[in-house]
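Protein chains in written order, with this note's numbering: chain A, 27 to 634; chain B, 150 to 313; chain C, 326 to 424.
A virtual CB, placed ideally from N, CA and C, is assigned to each residue, including glycine.
Since the structure comes first, as structure tokens, the remarks are kept for the end.
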Amino acid sequence: MSATALALVVLGLPFAAFLLLALVPPLRRAGRTGGAVSILAMAGALVAAVVLRIRGQDGLATWAWIPADGGPMVTVGVWVDELSLWMLVLVTLVSLLVQIYSVAYLDTEPPPALGRYYAYQSLFSCSMLGLVLAPTFVQMFVFWELVGLCSYLLIGFWYDRPAAARAAVKAFWITKLGDVGFIAGIVMLWGATGTFDFANLFAMANAGTLPRDGLSTIMLLIYMGAVGKSAQFPLHVWLPDAMEGPTPVSALIHAATMVTAGVYLMVRVQPLFLLTPDVLTIIGWVGAFTALLAATMACVESDIKRVLAYSTVSQLGYMMAAAGAAAAAAGFFHLLTHGVFKALLFLAAGAVIHAVGTNDIFRMGGLFRVMPQTGIVFIVGTLALAGVWPLAGFFSKEAILAGVWEGQLTVPFLMLALTAFLTAFYMFRVVFTAFFGRPHPAGSHPPHDAPPLMAGPLWILTALTVLIGLRLAVGGAGGHHGPGWLAPFSLGLAAAGIALAWATYQREIVSAASLAATFRPIYVLAQRRYGLDALYAGLYRGFILGFSAVVGWVDRYLVDGVLNVLSAATYRAGDVLRGLQTGRPQDYVYGVAFGVLLLFVWMQFWLP
Amino acid sequence: MTVETVGFWAVAVVLLAASLAVVLTPNLFHAVLFLALALVATGLIFLLLDAAFLFGVQLLLYAGGVVTVLVFAIMLTERLVGERITQTSRFIVNGAIVSGAVFAGIVGFLVQGRVPAVRAAMGPDATPALGRALVGPFALSVELLGVLLVTVLVGALYFARSED
Amino acid sequence: MSLNAYLVLAALVFAIGLFGVLTRRNAVAILLGIELMLNAVNINLVAFARFHGDVVGLVFTLFTISITVVEIGLGLAIVIAIFRVRKTVEADHLTLLRG
């Protein structure tokens, strides 16, 4: 089987599962059976993806889609190369684990809802794989929108909760804001070059034949799509709200895969971005700023999932900064490792929430004693996220820092370093508060460790996190070594963060309140999310609602007014005309007579 | 002055006078009688046009049948009311103007039209030809006419039967 | 006499009948006006038939006469039926169809 055919199998299996679940209602209503179909399809896809990865062949197959004079205007196809191979493995792996995990996590859902969940999940996996394999901008955009749709559907999975419904709409709208720029950029790029094909575009970029006029604008617009999807400042506000969805969904879509689509896009079209250094600089600055901003917000958040969401935003900022520093490979590397350990963290957090029944870390405490397994995997994930040697996160983070340092972006480098410190701090804040410390009076049922279906994926991800790290520690982390002081520096940052968290939340040597008082302006601002949500809400009210008011006024008074006048006129005219219907036969005879006279006149003057 | 010309003018005068009387006389009963006169005059016009058979039909059906039915109808409706069988007209001016205009229109049309000035050559009596036409090409129409007559007879009976 | 003479005579009778229909109040009198108008048509038919030498005009006249008789019979039946219910044959009072 050729590489492209195998890639099509990877793409087709989840789609087939989705079709089955969508078109066969009994299967969907069966719930767990439907889930089993979806999981089997995903497992098949994973096997195919792994086989593809091991064989490591590249391949490109395209088919004409939109015909035009002189060859098709748009082609679709699959493009198997180093990048998409890694993404295929990551997406299928995390999807599979999340789907298995969901069986236990959503055990209280009614079967039809579970079937719906798995239909969405399958559609998402298929869309994400299609995005990854896309060889053209248009195909990428189509799947890009599809994953956005799935994100909307899955955030709003519990659609009877107003907060979830609102969050779904918010996520959809804000990402669409970026997508407008994306599609505009794609079309403008096509206008400038006449092709959507990555391969053609890269060839033009390498040959230097790509028109440079307006390329910065185009690339900035394309970057806008990534800003929306990967939750970069200022469009990051949707991601924390997206945590209203089920936790496995957060793990899959809003941590490991979909939100990284923006980074993937950056990496995928890196040859084009390299032509516009100014845009790259912007990307780097925005990425670093996003990382820092989200990290500060994570420090004051008490909802465990939101802490993870902000940390996701922060880490996405890391990846973007790497892309901006022209170190796309480092960003992609971090994408992969982050996908694994962030999924692990989310799933572990889900296990905690499942057991405790609350998201608030200050209402947990001493959980390590009652659920040691979950505690261990969570701590492993946290260490990886904090960047502690020899776990996966250390290497990728160091690669990014090295890339940014070498990219001469000194200020972003300092921001990222500070972020690394904060990351360690807020993650261990969660660990110390939730897993150690005083046990919180338990609710009706004491917390317990996760059931096997949930624990299994957790351990697999933990093993991967450790193994990747060990593999890299033994084999060397490729060519991304920065200056010699970098590794100790980043380790020191992580250690300092951990120490501060330990001192504050475990030993309580440093009081959290005095810390808050010391950094009062930032503390208050971060707690209010820097006013961005309020700003957007205000803008929304101002513009959208104002515009709606105008439209409503036009509809009510102009459109309706015209119709009312018309209907009133018709009514009046009818009133007048019914006077003609006197009911007296002779009046009708008068009518006939006048008609005859009219005929005479007509014949007299107009008949040829 | 041929016989026909003299006859035409005489009959025309009678016909118009009787017609005017029909629409103007206040007495409904008189109106019916004038209508009978007008119908007979029309029959005479048919005779002048060499349609003797139609003259007979006109006399029998109209002057005989219709007038009788009309008289009965008037007696049925007017006598029951207990009023004099007079009746009035209304909007005479309006009616005169409109009907005058229609007449003017018809005449204006006739003036422009090209009509044969003289009669076509025909046998002394058109009745045999008429008879052959009725049982020949128009046989089906005649049958349908019979059906119609029966239908109307039944319908009229239905309308006019007493409620008992 | 020329054909036009007959036609003008018929037109006159027709106009007079129309006048009757337009101005009379009594339903029976309106029927009388209609009779006059139909007669005018018959005159036309016979005159055309004679001057064109075509027997079809005569056949049509025969039909017209028959149908007129039918019409008058039915009309009078209706008038009598209306009279039974409404106790009047004044057309001005029979305005159930007014809009």
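What are the boundary residues of the alpha helix (DSSP H) that includes Leu558 (chain A)? 558-565
Burial state of Phe620 (chain A) (16 or more Cβ within 10 Å): exposed
What's the call for Leu159 (chain A), buried or exposed, on a 16-neighbour Cβ count within 10 Å? buried
Within the continuous alpha helix (DSSP H) that includes Leu103 (chain A), where are the two ends? Before going on, a small fix: residue 103 (chain A) reads as Gly here, not Leu. Counting along the chain, Gly103 (chain A) falls outside any alpha helix (DSSP H), though it belongs to the beta strand (DSSP E) covering 100-106.
C-beta contact flag for Ala374 (chain C) and Val366 (chain C) at 8 Å: no
Who are the neighbours of Leu623 (chain A) on chain B, taking C-beta pairs under 7 Å? Ala250, Val251, Gly254
Which whole-angstrom value is the C-beta distance of Arg207 (chain A) and Leu247 (chain A), which I expect to be below 8 Å? One point to set straight first is that residue 207 (chain A) is Gly, not Arg, in the sequence displayed. That belief holds up - the Cβ atoms of Gly207 (chain A) and Leu247 (chain A) are roughly 4 Å apart, short of 8 Å.
Return the residue from the list A:Phe461, A:Gly609, A:Gly204 that minimises the CA-CA distance to Trp528 (chain A). A:Phe461
Can you pull out the residues from the segment 583-612 of chain A whose beta carbon lies closer than 7 Å to at least one beta carbon of chain C? Arg604, Gln607, Thr608, Gly609, Arg610, Pro611, Gln612
Nearest-angstrom Cα distance between Val120 (chain A) and Ser151 (chain A)? 10 Å
Is Ala314 (chain A) helix, strand or coil when you go by DSSP? helix
Between Leu193 (chain B) and Val371 (chain C), how many whole angstroms is the CB-CB distance? I'm expecting something under 8 Å. About 12 Å; that fails the 8 Å criterion.
So what does Trp89 (chain A) bridge to, in DSSP terms? A:Val102
Does any CB atom of chain C fall closer than 8 Å to the CB of Val299 (chain B)? no
What's the C-alpha gap between Tyr597 (chain A) and Gly587 (chain A)? 15 Å
Straight-line gap, Leu584 (chain A) to Trp199 (chain A) (C-alpha atoms, nearest Å): 29 Å
Show which residues of chain C have a CB atom less than 7 Å away from the CB atom of Val615 (chain A). Val346, Leu347
Any beta carbon from chain A within less than 8 Å of Val215 (chain B)'s own beta carbon? no
Minimum C-alpha distance to Gln258 (chain A) - residue among A:Ala335, A:Asp601, A:Leu111, A:Phe626: A:Ala335
Taking only the alpha-carbon atoms, compute the straight-line gap between Phe299 (chain A) and Leu526 (chain A) and give it to the nearest angstrom. 39 Å
Nearest-angstrom Cα separation, counted from Gly463 (chain A) out to Ala348 (chain A): 37 Å
Test: Ala416 (chain C) CB closer than 8 Å to a CB of chain A: yes
Indicate the three-state DSSP secondary structure (helix, strand or coil) for Asn364 (chain C) in the structure shown. helix
Indicate whether at least one CB of chain C lies closer than 8 Å to the CB of Gln261 (chain B). no
I'd like to check one pair, Leu417 (chain A) with Ser337 (chain A): are the Cβ atoms closer than 8 Å? no
Note down, in chain order, each residue of its chain lying with its Cβ closer than 8 Å to the Cβ of Gly365 (chain A), except the 5 sequence neighbours on either side. Leu116, Val120, Ala281, Ala282, Thr283, Thr286
Should Ala619 (chain A) be flagged as near chain B, meaning a C-beta pair shorter than 8 Å? yes
Keeping to the same chain, check which residues put their C-beta closer than 7 Å to that of Phe169 (chain A); ignore five residues upstream and five downstream. Ser153, Gly156, Leu157, Ala160
When you compare only the Cα positions, how much space is there between Val333 (chain A) and Gly401 (chain A)? 17 Å
Could you tell me the distance, in whole angstroms, from the CA atom of Ser470 (chain A) to the CA atom of Thr134 (chain A)? Because the pLDDT of Ser470 (chain A) is 49, which lies under 50, any placement of that residue in the model is unreliable, and the number read from its coordinates should be weighed accordingly. Taking the straight line joining both Cα atoms gives about 17 Å.
Anyone know if the C-beta pair for Val218 (chain B) and Gly398 (chain C) falls short of 8 Å? yes
State the CB to CB distance for the pair Ala351 (chain A) and Gly310 (chain A), rounded to an integer number of angstroms; the pair is presumed to be in contact (CB under 8 Å). 5 Å
With a cut-off of 8 Å, do at least 3 Cβ pairs link the segment 313-329 of chain A to the segment 439-457 of chain A? yes
Counting contacts by CB-CB distance shorter than 8 Å, is Gly244 (chain B) in contact with chain E? Here chain E cannot be found, since the structure's protein chains are A, B and C.
Got a sec: which bits of the segment 362-381 of chain C sit with their beta carbon under 9 Å from any beta carbon on chain B, in order along the chain? Asn364, Ala365, Asn367, Ile368, Val371, Ala372, Phe373, Ala374, Arg375, Phe376, His377, Gly378, Asp379, Val380, Val381
Could you spell out the range, first to last residue, of the alpha helix (DSSP H) harbouring Val173 (chain A)? 163-181
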